[in-house]
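Colleague: Below is the structure I would like to discuss, written out as structure tokens.
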Amino acid sequence: MDLPSIAVIGRPNVGKSTLVNRFCQTNNAIVYDTPGVTRDRTYQNAEWCGKEFIVVDTGGLVFDDDSEFLPEIRTQTFLALEEASMAIFIVDGIQGITDGDLSIAKWLRSSKCKVIIAVNKCESTILGASLASDFWKLGLGEPFPVSAIHGTGTGDLLDLVIAELPEKNKTDHEEQYCMSIIGRPNVGKSSLLNSICGNKRAIVSDISGTTTDSIDTYIKKED
């Protein structure tokens with residue numbers, strides 16, 4: 001069956017992967033304090049109150065810098081938003097609104113995708129409400145204070161998410177097969193994956209260690 005997807009978007013180091021792990025109740029998304037750890041978009045299944053959906057983690061989005069992998073990360077984020085039913089825009093409540101947040105908000109306002117603002121690092125309910133209120137200025141509706149690391153407010157956020165998501169499409173059961181692509185650095189694993197998928201599923205570079213997360217993807221081939 002086809003499940004609706006949620007793209008988790010934001011600038012570097014605001015807690016995107018931590019929130020993804022919280023939603024999916026896993027530790028599959030790599031979490032580290034260094035910017036740029038997440039590069040490719042990654043998919044995980046999640047369920048809340050009986051409703052199933054897919055959560056898409058994305059790399060830190062930066063519009064005013066083309067160094068290293070940032071242009072490729074932008075491309076991956078754009079693709080995630082194009083196929084998403086909804087986007088969660090994560091911001092840092094402690095840092096407040098930054099120029100990076102303003103750039104991302106401008107881009108999201110021009111999209112047709114439903115957007116929810118999650119104001120992360122709001123461990124205190126009372127202080128969190130105060131911190132979140134400033135993010136009304138982004139023009140994307142009501143901001144929701146959450147703590148991805150502690151779980152504060154994430155249940156309320158998920159309640160809102162599933163209320164907005166479309167129903168999944170029911171299809172006949174189809175047999176599925178799992179295949180792994182394994183090899184040493186720089187032998188063309190990501191290029192092979194992109195060729196099989198027919199799109200830019202993974203960032204390709206001559207730099208060793210470009211792929212940091214394990215990448216899952218579904219491929220449907222017609223007879």
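The UniProt record's numbering puts the sequence shown at residues 1 to 223.
Beta carbons are placed, not taken as given, at the ideal position from N, Cα and C, and that holds for glycine.
Terminal residues of the continuous beta strand (DSSP E) containing lysine 114?
Modeller: Segment 114-120, the beta strand (DSSP E) holding lysine 114.
Colleague: For asparagine 45, count neighbouring C-beta atoms within 10 Å of its own C-beta (all shown protein chains included) and say buried if the count is 16 or more, exposed if not.
Modeller: Answer is exposed; the Cβ neighbour count stays below 16.
Colleague: Mind checking cysteine 49: buried by the 16 CB within 10 Å criterion, or exposed?
Modeller: So cysteine 49 ends up on the exposed side.
Colleague: Could you please give the first and the last residue of the uninterrupted beta strand (DSSP E) stretch that includes isoleucine 88?
Modeller: First-last of the beta strand (DSSP E) with isoleucine 88: 86-92.
Colleague: Excluding the 5 residues preceding and the 5 following lysine 51 in the sequence, name in chain order all residues of the same chain whose CB lies nearer than 8 Å to its CB.
Modeller: So the qualifying residues of the chain are Ile162, Leu165.
Colleague: On a CA-only basis, which of Asp92, Ala80, Gly139, Ala87 is nearest valine 146? Give me that one, please.
Modeller: When only C-alpha atoms are compared, the closest one is Asp92.
Colleague: Check alanine 148 in the structure and name its three-state DSSP category.
Modeller: Residue state, collapsed to three classes: coil.
Colleague: Counting only the same chain and skipping the five closest in sequence on each side, list residues whose C-beta sits under 7 Å from that of alanine 80.
Modeller: For alanine 80, where only same-chain residues beyond five positions count, the Cβ hits under 7 Å are Ala7, Arg41, Val56, Thr58.
Colleague: I need the straight-line Cα distance from aspartate 156 to proline 185, nearest angstrom please.
Modeller: Distance between the alpha carbons of aspartate 156 and proline 185 is about 42 Å.
Colleague: Using a Cβ distance threshold of 8 Å, determine whether the region 127-134 contacts the region 11-27, with at least three qualifying pairs required.
Modeller: Verdict: no, contact absent.
Colleague: Residues bridged to glutamate 52 by DSSP?
Modeller: DSSP, once it has assigned bridges, lists Glu47 as partnering glutamate 52.
Colleague: Taking the alpha carbon of methionine 86 as the point to measure from, which residue in Leu108, Ile94, His150 has its own alpha carbon closest?
Modeller: Of Leu108, Ile94, His150, the residue nearest in Cα terms is Leu108.
Colleague: At what residues does the alpha helix (DSSP H) containing isoleucine 162 begin and finish?
Modeller: Counting along the chain, the alpha helix (DSSP H) containing isoleucine 162 begins and ends at 154-164.
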